[in-house]
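Letter by letter, the sequence shown follows residues 1 to 254 in this note's numbering. Positions of the beta carbon are idealized from the N, C-alpha and C atoms, including for glycine. This report concerns only the one structure given below.
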Amino acid sequence: MSGYKNIEKLTLPKMIIFDYGHTLIYEQGFDGMKGTQAVMAHAIKNPRNLSVSEVNEFSRKLYRDLIGFSKEHEIEIHNLKYQNLVYEYLEIELALTPKETEKIYWDNAAPGIIMPYIDEVITYINERGIRSGVISNISFSGDTLAERINRLIPHNKFEFIIASSEYVYRKPNRLLFELALIKAGLKPQEVWFCGDNIKADIIGASKVGIFPVWYESSLECFYLSKADNTAPDCDHLHITDWRELIQMLKQLEA
Numbered sequence: 001m002s003g004y005k006n007i008e009k010l011t012l013p014k015m016i017i018f019d020y021g022h023t024l025i026y027e028q029g030f031d032g033m034k035g036t037q038a039v040m041a042h043a044i045k046n047p048r049n050l051s052v053s054e055v056n057e058f059s060r061k062l063y064r065d066l067i068g069f070s071k072e073h074e075i076e077i078h079n080l081k082y083q084n085l086v087y088e089y090l091e092i093e094l095a096l097t098p099k100e101t102e103k104i105y106w107d108n109a110a111p112g113i114i115m116p117y118i119d120e121v122i123t124y125i126n127e128r129g130i131r132s133g134v135i136s137n138i139s140f141s142g143d144t145l146a147e148r149i150n151r152l153i154p155h156n157k158f159e160f161i162i163a164s165s166e167y168v169y170r171k172p173n174r175l176l177f178e179l180a181l182i183k184a185g186l187k188p189q190e191v192w193f194c195g196d197n198i199k200a201d202i203i204g205a206s207k208v209g210i211f212p213v214w215y216e217s218s219l220e221c222f223y224l225s226k227a228d229n230t231a232p233d234c235d236h237l238h239i240t241d242w243r244e245l246i247q248m249l250k251q252l253e254a
């Protein structure tokens with residue numbers, strides 16, 4: 001445990017907010033071909049007779065063009081809109097609702113499991129009445145994100161799950177953090193934010209006065225470069241194991 005020297009100034013948080021990816025849930029990788037293949041198994045019209053590979057390649061190129069703009073401007077692209085464009089443009093009709101399509105794609109492209117010991121953290125804060133919530137940078141819809149989190153961590157008591165897809169902006173934009181504070185009815189100094197991304201999570205939370213906890217897992221993250229994730233200048237707690245957070249909370253309780 002490292003990164004914060006003035007531990008005596010810390011107070012027990014009234015709420016802890018978590019990031020999703022590589023914080024609560026681990027996704028080993030992302031295989032768009034598997035996702036597209038699973039979706040295309042439900043195609044009922046494909047007048048161009050496009051292969052799974054052709055559909056996936058079109059989708060991949062479109063996403064690649066969008067994601068750079070999205071990250072640069074801290075804007076999120078909602079997957080359901082993107083998905084509509086892909087399949088309607090290619091004249092493919094599916095025997096699925098848009099949300100069913102999204103869930104099938106995501107579950108096959110990037111299935112998730114809980115991060116080691118996060119279940120113990122959730123149990124601990126629940127038992128002590130520390131409130132909790134989630135803010136995630138994600139293009140998938142809020143309902144689909146909530147379904148996955150609630151399925152994998154069924155004992156959570158998250159008061160809100162904020163998906164950037166539903167609110168236009170991405171972290172580190174301050175509006176998402178301020179929205180969480182509004183929903184919680186709390187002041188920044190009463191809240192901690194836990195995440196793995198220095199820019200989006202740690203610096204983003206710090207700029208609005210929320211105390212950040214940098215969780216750096218030994219598990220490989222396929223979308224985050226370690227070269228870009230160096231220790232920030234702002235005050236923060238640095239942990240590499242979720243049980244360290246429990247230790248810190250116990251210390252503050254004592």
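In the DSSP output, which residue or residues are listed as bridge partners for residue i?
i, result
"TRP106", "The partner list for TRP106 (beta bridge, DSSP) is empty, contrary to what the question assumes."
"PHE18", "VAL134, CYS194"
"ILE239", "TYR215"
"ALA43", "LEU94"
"LYS27", "The sequence shown places Glu at residue 27, rather than the Lys named in the question. Paired residue(s): GLY112."
"ALA163", "SER136"
"TYR257", "As displayed, the chain neither begins before 1 nor continues past 254, which places residue 257 out of reach and without an answer."
"PHE58", "Paired residue(s): none; PHE58 is not in a bridge."
"PHE158", "SER132"
Would you mind reading off the limits of the alpha helix (DSSP H) that contains residue i?
i, result
"ARG148", "142-152"
"ILE203", "Element bounds for ILE203: n/a, residue is neither H nor E."
"ASP119", "118-127"
"ARG174", "174-184"
Measuring only the C-alpha atoms, how far is residue i from residue j?
i, j, result
"ALA184", "GLU159", "8 Å"
"LEU10", "GLU166", "33 Å"
"LYS34", "GLU100", "16 Å"
"CYS221", "ASN56", "23 Å"
"LEU12", "ARG131", "11 Å"
"ASP107", "ARG128", "33 Å"
"LYS71", "VAL168", "12 Å"
"THR97", "LYS103", "10 Å"
"SER218", "VAL39", "32 Å"
Only counting the same chain, and skipping five residues up and downstream in sequence, which positions put a Cβ closer than 8 Å to that of residue i?
i, result
"ALA180", "ILE17, GLY133, ILE135, PHE160, ILE162, VAL191"
"ILE67", "ILE77"
"GLY112", "ILE25, TYR26, GLU27, ARG148, LEU152"
"ILE114", "LEU24, ILE25, TYR26, LEU152, ILE153"
Tell me which same chain residues have a C-beta within less than 6 Å of the C-beta of residue i, skipping the five on either side of it?
i, result
"HIS78", "SER165"
"ASP201", "ASP19, GLY195"
"THR36", "VAL52, VAL55, ASN56"
"PHE193", "ILE17, ALA205, ILE210, PRO212"
"ILE44", "GLU93, ALA95"
"ALA109", "PHE30, ASP31, GLY32, LYS34, GLY35"
In chain order, what residues of the same chain have a beta carbon less than 7 Å from the beta carbon of residue i, not counting five sequence neighbours either side?
i, result
"ASN46", "ILE92"
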